[in-house]
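In the numbering used here, the protein residues as written are -13 to 430.
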């Protein structure tokens, strides 16, 4: 039996169980997503967009599902210590795919702001929810449909017009389990016109020896003149499979930053689909991966400039060592009417061993004639001249290598618009280069 068919059969036999712990508005999308998954299946390995990540193989094993959310879980507010502390008083925890509502009322938000469970939001704001949920992901590949079939709850941030959140929101995702498990997470973010917000997602794996796979779909709507920052920090285990699909729709004069930092992982695939649909919209898409051993990370981006006078900037950096594998595939599409577009894409990679591998494929599709667009790619090793210069100044060779790696990562870190995260990342990245990665602690 192929991997698609086992999940089709499982869904048909367990749909009522999935529905039981979700609200009708979430359940209403299951059948539509199921039909889409039956047509599409998982993304085909070695196809244009999935040349280096074999989704059917990764999700082929017989993973467990905790459909009924059974088992006792200690309150993570008391059982987890994050090493990005004091960033914000607005902290949420998600253990596997269970959103913890405990202590949620201690968060202080301006009137009208919602930050919490997707099921609760769907009940309190049914019209807003139905207008946005699964409206971007519906055009995704089979992986997004797969997530929609099985998701039971999720996280929603809703910021009404002209409301500014002064403090960022931190969401701490913790993967844990005693058996190999598949977890499906969902996020819906709605930033209305003139509003501003920042979110940091921290991903952690508690169990180093258990295989945990997670699919995550995030839909982000950013209104006119709105500003939104979305940061992800991955510190998972070698046995973690993380498959994310991120969809962003921007209105006129909006400004969005999406930034993903992977400090430790197993196998990671991140999809970014961003549509600039209003004039003077601006997008910043950044990513950095530090890998060694047999870690693998694959980033794919698709940015669509649909109207004139918009700007996008992409920068992805990989620092690879050991037998790790990195992949980047980026596509910028400039539509025929999108004159005066400025779109820039750059992928830079540093290989620290003979065994590591990097695959890169930047692409431009331009159908307008008055644009400024470029893409670039460099892959190499540490600059021997720079290394010699540092050593000639009395700096030991390993310390010199560390300094050059840190300099390579500098512009990604400095580009972060969240000061507390930027400062903390400098320490975490340095520790990672020294082989002293500090992982957040659990005491469940």
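We treat Cβ as the ideally placed atom computed from N, Cα and C, and that holds for glycine.
Query                                                                                                                                                                          : Result
Between which two residues does the beta strand (DSSP E) containing residue 363 stretch?                                                                                       : 358 to 366
Would residue 396 be called buried (16 or more neighbouring beta carbons within 10 Å of its own) or exposed?                                                                   : exposed
Under DSSP, the alpha helix (DSSP H) around residue 24 begins and ends at which residues?                                                                                      : 16 to 26
Given a threshold of 16 other Cβ atoms within 10 Å of its Cβ, counted over all protein chains shown, does residue 91 qualify as buried or as exposed?                          : Here residue 91 scores only 48 on pLDDT, less than 50, and its place in the model is too uncertain to base an answer on.
What are the uninterrupted segments assigned as beta strand (DSSP E) that are 3 or more residues long and contained completely in the region 246 to 296, given in chain order? : 253 to 262, 268 to 277 and 282 to 291
With burial defined as no fewer than 16 other Cβ atoms inside 10 Å of the residue's Cβ, what is the status of residue 331: buried or exposed?                                  : buried
Can you list, in chain order, the residues of its chain whose CB lies under 6 Å from that of residue 325, leaving out five sequence neighbours each side?                      : 294, 354 and 356
Take residue 209 as the anchor and find which of 238, 169 and 172 has the nearest alpha-carbon.                                                                                : 238
Which value, in whole angstroms, describes the spacing of the CA atoms of residue 218 and residue 318?                                                                         : 22 Å
Is residue 344 near residue 312, with beta carbons less than 7 Å apart?                                                                                                        : yes
Under three-state DSSP, which class holds residue 12?                                                                                                                          : helix
Is the number of C-beta pairs between the region 35 to 54 and the region 142 to 149 that are closer than 8 Å three or more?                                                    : no
Taking residue 337 and residue 367 to be in contact with their CB atoms under 8 Å, please state how far apart those CB atoms are, rounded to whole angstroms.                  : 6 Å
Measure the C-alpha to C-alpha separation of residue 176 and residue 245 and round it to an integer number of angstroms.                                                       : 18 Å
In whole angstroms, what is the alpha-carbon distance linking residue 4 and residue 132?                                                                                       : 13 Å
Can you list, in chain order, the residues of its chain whose CB lies under 8 Å from that of residue 403, leaving out five sequence neighbours each side?                      : 184, 215 and 243
Do you know whose CA, among 11, 116, 33 and 134, lies nearest residue -3's CA?                                                                                                 : 134
What's the call for residue 419, buried or exposed, on a 16-neighbour Cβ count within 10 Å?                                                                                    : buried
So the candidates are 171, 298 and 277; which of them puts its Cα closest to the Cα of residue 205?                                                                            : 171
What are the start and end residues of each continuous alpha helix (DSSP H) run of 4 or more residues lying completely inside the region 126 to 162, in chain order?           : 128 to 136
Name the DSSP bridge partner or partners of residue 168?                                                                                                                       : 199
Can residue 309 and residue 280 be called in contact, C-beta distance under 7 Å?                                                                                               : yes
CB-CB under 6 Å to residue 349, same chain, minus the five flanking residues each way: which ones, in chain order?                                                             : 317
Which value, in whole angstroms, describes the spacing of the CA atoms of residue 153 and residue 188?                                                                         : 16 Å
What is the rounded straight-line gap between the Cα of residue 371 and the Cα of residue 302?                                                                                 : 24 Å
Classify residue 422 as helix, strand or coil using the three-state DSSP reduction.                                                                                            : coil
Just list the residues that DSSP pairs residue 337 with in beta bridges.                                                                                                       : 306
Pull up the distance between the alpha-carbon of residue 157 and that of residue 87, whole angstroms please.                                                                   : 12 Å
Identify whether residue 112 lies in helix, strand or coil by the three-state DSSP scheme.                                                                                     : helix
Given residue 249, which residues of its chain have a CB within under 8 Å of its CB, disregarding the five upstream and five downstream residues?                              : 219, 220, 221, 276, 414, 415, 418 and 423
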